[in-house]
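Written below as C-alpha cells is the structure these notes are about.
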Amino acid sequence: MASRHQLGEPVVVVEGVEKSFGSFSVLRDVSLTVRRGETVCIIGPSGSGKSTLLRCINGLVPISKGSIKLAGREVNDAKLDKLALRRDVGIVFQQYNLFPHKTALQNVMMAPIHVLKQDKAEVEERARKLLAKVGLSQKLATYPGELSGGQQQRVAIARSLAMNPKVMLFDEVTAALDPETKKEVLVTIQDLAAEGMTCILVTHEMGFAREVADHVYFTDGGVIVEHGSPAEVFGNPREERTKGFLDKVL
Amino acid sequence: MRSGSTDLPVLKPFRAPAPIAPSGFAAPVMLSSGTLAVFVILFGASLALAQVAARPAGEGAVTVLLRWAPLIFQGFLFNILISFLSMALGTVVGVLVGIAQVSLLAPVRKTAWGVTQFFRNAPWLVLLFYAMFLLPFEFRMFGITIAFPAWVKAVIGLALPVAANVSEILRGGIKSIPAGQWESADALAFTRAQTLWMIILPQAFKRMLPPWMNLYAILTMATTLISVVGIQDALSVTRAALIAESRPELMIPMYLLLLLMFFAYCYPIARATLALERRFNVKA
Chain A
-10 MASRHQLGEP VVVVEGVEKS FGSFSVLRDV SLTVRRGETV CIIGPSGSGK
40 STLLRCINGL VPISKGSIKL AGREVNDAKL DKLALRRDVG IVFQQYNLFP
90 HKTALQNVMM APIHVLKQDK AEVEERARKL LAKVGLSQKL ATYPGELSGG
140 QQQRVAIARS LAMNPKVMLF DEVTAALDPE TKKEVLVTIQ DLAAEGMTCI
190 LVTHEMGFAR EVADHVYFTD GGVIVEHGSP AEVFGNPREE RTKGFLDKVL
Chain B
3 MRSGSTDLPV LKPFRAPAPI APSGFAAPVM LSSGTLAVFV ILFGASLALA
53 QVAARPAGEG AVTVLLRWAP LIFQGFLFNI LISFLSMALG TVVGVLVGIA
103 QVSLLAPVRK TAWGVTQFFR NAPWLVLLFY AMFLLPFEFR MFGITIAFPA
153 WVKAVIGLAL PVAANVSEIL RGGIKSIPAG QWESADALAF TRAQTLWMII
203 LPQAFKRMLP PWMNLYAILT MATTLISVVG IQDALSVTRA ALIAESRPEL
253 MIPMYLLLLL MFFAYCYPIA RATLALERRF NVKA
C-alpha cells in the first residue's frame, strides 16, 4: 500500500547508534530516518534491540555512540533539555504503566498540568476530547484497575497525546492483550497514523505492520538487517535472515 | 468415579477436609473476645485472691484499686501523649531520612542508610538514656532560651528508633512500586521530586500504613521505658502506689490493671492493622 499522506521533513534521524550494557552489545551501527507523518514499524525477533532503540530515541536510555536527532535536537547531549525532548515524543509501553491511584481522566491531565503548567480547565477539555477519540468517554472517572487491558492501553495513548507530541513511540503495545482488545488498540493507532501523526512502532503484529506502515525495518542481533516498504520487506525480502523470520511468524 | 484406562501413575488431587476452625469474620471476633475473657478472668481471680489474703484490719483490695485507678489512668494518658509526640516527630524525621535513602546522590543515600541502620539496630532504652543525659536541659540560641524538660528529651529519645523504622518503611514502600511507574513518569517529563510526591508516594502510602501502625503500637508499649529514666508515667505511678500501700498481694491485680489499659489501647490498633493488610492484599 502506498503512502496515504504527504511525508514531510525528517523528524527522527538516527545515525550510527551503538548501545551496549556492559560488554553486551544491544545496538550496532543502527541508522534510520523517520519523516513527518510517516508510520514506521520495527519488526524482528525478541532481544534484537527494538525496545532499546525506542527508549534511546526519547532519551530514557543513553546511547554509547552515534547520534539521534529529534526535530533537529540532539538527544545524546549532556546539556539536553529533557523537558523539551519529552514534550516532543510520547511513548506507550507494553505494560500500560498507568498511574493506578488516578482516574482515566486524571491520568491524561496530570502531565500537562504539572509538567507543562497549562491551564486546568483547558487541559480537562482536551483530555475529555482525547479520551473520546480513543473511545473511552464513558470511562473518565474509572480507575485503571477497573479497566480492561485494551482500555488501559488506550488511556495510555491518550495520556501521551495530551502532551501534543510530534512523534509517538509504541513499544509492543498489544503484546499483553487478548485478540479482541488488541484490535481496538490497533484501530486507535491506525486512526492516529491516518491523521498524520508520526509513529514508530515496535510490533509483532505482522499483518498490522504490513497494512499500516509506510516503511518497515527488520532488526536482528542489534543491527538493521533490511528495510523498505512493506511490500518489499514482506513480499520480497532480500535477506535470508528476514526470510527465515517471516517464514516462522507468518 | 470413573476409573481411568491408563496404567501411567496419576497424581489425584488432594482434597483437604473442610476446616473445623471458625473462618471469616467469626475467627477474629472469637479470638479477640477469648483473649479479653482470659484477661478479665485473670484479673478477677487475682483481685479475689488479694481480697481473701487481705489482713482483717486492712481495706478491701477493690477499694484500694479504685482509689489508685484514676491516678494510674492519668499516668497512662501521659504515656499516650508521649507516644503521639514521639510518633509525630519520628515520622517527620523518618520520612525525610527515608527519602534521602532513595536519593540519586550517593553520599546522601549512604549517610541516610547508615543512620537508619544504626538507630534501627540499637536498644531503645540505651537511646533513651543517651537522649536523657546528653541533651542539655536548656538550649540557648540568638538570646532565646528554650527549655528542654525531661519529657521533651524522652520524646526525642523515643523518636530516634521510630524515625529509623519509619525511614526503612518508607524506603521499602518506595521500592515496592514497579519500575514501570518511574519510567512512564520519566517519559512524561515529570521531575524526580514530582514523580516521588505525585506518583510513587501516594501508591506506596497504603502499603506503608500497616507497618507504620504496627510501629506505633510497639512504641506505645515502649513508652513505659521512660519510667526508668525518672519520668512519672503510668508504670511509675503504679509502682509508687504499691510502695505506698505496701501490700504485696496487690501487686498482681495492680499491674494487671495497667496491662489491661495498654491492651485495650494497642489491641484494636493491631486488629485494624491486620484488617488493612487483608484489604490491600485482596485488592492488589
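Protein chains in written order, with the numbering used here: chain A, -10 to 239; chain B, 3 to 286.
Yeah, the Cβ is synthetic: ideal placement off N, Cα and C, and Gly gets one too.
Buried versus exposed call for residue i [16 or more other C-beta atoms within 10 Å across all chains shown]
i: N153 of chain A; result: exposed
i: L221 of chain B; result: buried
i: S35 of chain A; result: exposed
i: M99 of chain A; result: buried
i: A151 of chain A; result: buried
i: S48 of chain B; result: buried
i: E228 of chain A; result: exposed
i: E200 of chain A; result: exposed
i: K177 of chain B; result: exposed
i: Q127 of chain A; result: exposed
i: M3 of chain B; result: Any reading at M3 of chain B must be qualified, since the residue scores a pLDDT of 45, below 50, and its modelled position is unreliable; no value is offered.
i: P226 of chain A; result: buried
i: T147 of chain B; result: exposed
i: K285 of chain B; result: Bear in mind that a pLDDT of 49 at K285 of chain B, under 50, signals an unreliable position, so the number given afterwards is only what the model happens to contain. By the neighbour-count rule (16 or more Cβ atoms within 10 Å), K285 of chain B is not buried but exposed.
i: D236 of chain A; result: exposed
i: M143 of chain B; result: exposed
i: P89 of chain A; result: buried
i: A198 of chain A; result: buried
i: L175 of chain A; result: buried
Sub-9 angstroms separation of residue i and residue j beta-carbons
i: L87 of chain B; j: A161 of chain B; result: yes
i: E63 of chain A; j: R24 of chain A; result: no
i: L252 of chain B; j: L244 of chain B; result: yes
i: K208 of chain B; j: L278 of chain B; result: yes
i: L42 of chain A; j: L16 of chain A; result: yes
i: V64 of chain B; j: Q53 of chain B; result: yes
i: L127 of chain B; j: K155 of chain B; result: no
i: F207 of chain A; j: I46 of chain A; result: no
i: I101 of chain B; j: A133 of chain B; result: no
i: G79 of chain A; j: V2 of chain A; result: no
i: L(-4) of chain A; j: D203 of chain A; result: yes
i: F120 of chain B; j: A166 of chain B; result: yes
i: A116 of chain A; j: L136 of chain A; result: no
i: V212 of chain A; j: V19 of chain A; result: yes
i: I228 of chain B; j: N81 of chain B; result: yes
i: T187 of chain A; j: E4 of chain A; result: no
i: E140 of chain B; j: A152 of chain B; result: no
i: L259 of chain B; j: A71 of chain B; result: yes
i: V191 of chain A; j: I178 of chain A; result: no
i: V66 of chain B; j: R241 of chain B; result: no
i: V40 of chain B; j: T93 of chain B; result: no
i: L266 of chain A; j: G138 of chain A; result: Outside the displayed span of chain A (-10 to 239) sits residue 266 of chain A, for which this structure offers no information.
i: I254 of chain B; j: L73 of chain B; result: no
Residue range of the alpha helix (DSSP H) that includes residue i
i: S149 of chain A; result: G138 to L150
i: S186 of chain B; result: A181 to A189
i: L87 of chain B; result: A63 to A102
i: A116 of chain A; result: K109 to K122
i: I220 of chain B; result: L203 to A224
Boundaries (first-last residue) of the beta strand (DSSP E) holding residue i
i: H193 of chain A; result: Neither: H193 of chain A is in no beta strand (DSSP E) and is coded neither H nor E.
i: L59 of chain A; result: K54 to L59
i: H204 of chain A; result: H204 to D209
i: F135 of chain B; result: From DSSP, F135 of chain B is part of no beta strand (DSSP E) but of the alpha helix (DSSP H) over W126 to L136.
i: E169 of chain A; result: Careful: E169 of chain A lies outside any beta strand (DSSP E), inside the alpha helix (DSSP H) at P168 to A183.
i: V97 of chain A; result: Here V97 of chain A belongs to no beta strand (DSSP E); instead the alpha helix (DSSP H) covers A93 to H103.
i: R24 of chain A; result: F13 to R24
**OP:** Give a yes or no on contact between the segment 226 to 241 of chain B and the segment 68 to 83 of chain B, applying the rule of three or more CB pairs nearer than 8 angstroms.
**Re:** yes
**OP:** Give a yes or no on contact between the segment 191 to 198 of chain B and the segment 161 to 172 of chain B, applying the rule of three or more CB pairs nearer than 8 angstroms.
**Re:** no
**OP:** May I ask you to verify whether the segment 84 to 94 of chain A touches the segment 136 to 144 of chain A, counting CB pairs closer than 8 angstroms and requiring at least 3?
**Re:** yes
Subject >> Touch test, the segment 219 to 233 of chain A against the segment 44 to 56 of chain A, Cβ-Cβ under 8 angstroms, three pairs minimum >> reply: no
**OP:** Return the residues of the segment 85 to 100 of chain A that lie within a Cβ-Cβ distance of less than 9 angstroms from chain B, sorted by chain order.
**Re:** Y85, N86, L87, F88, P89, H90, K91, M99 and A100
Original post:
Listed in chain order, which residues of the segment 61 to 84 of chain A have Cβ atoms closer than 7 angstroms to some Cβ of chain B?
Top reply: K71, L72, R75, R76, I80, F82 and Q84
**OP:** Could you name the residues of the segment 195 to 215 of chain B whose beta carbon sits closer than 8 angstroms to any beta carbon of chain A, in the order they occur along the chain?
**Re:** Q196, M200, I201, P204 and Q205
**OP:** Count the C-beta pairs between the segment 200 to 220 of chain B and the segment 264 to 271 of chain B that are closer than 8 angstroms, then say yes if the count reaches three, no if not.
**Re:** yes
Original post:
In the segment 152 to 171 of chain A, which residues sit with their C-beta less than 7 angstroms from some C-beta in chain B, listed in chain order?
Top reply: M152
Original post:
Given a limit of 7 angstroms on CB to CB distance, which residues of the segment 117 to 145 of chain A reach chain B?
Top reply: none
Original post:
Along the segment 160 to 191 of chain B, what residues have a CB closer than 7 angstroms to any CB found in chain A?
Top reply: G182, Q183, E185, S186, D188, A189, L190 and A191
Original post:
Given a limit of 8 angstroms on CB to CB distance, which residues of the segment 24 to 53 of chain A reach chain B?
Top reply: N47 and L49
Original post:
Would the segment 119 to 128 of chain A and the segment 70 to 82 of chain A be scored as touching if the rule is three or more Cβ pairs under 8 angstroms?
Top reply: no
Original post:
Just by C-beta distance, which residues in the segment 100 to 111 of chain A are closer than 7 angstroms to chain B?
Top reply: A100, H103 and V104
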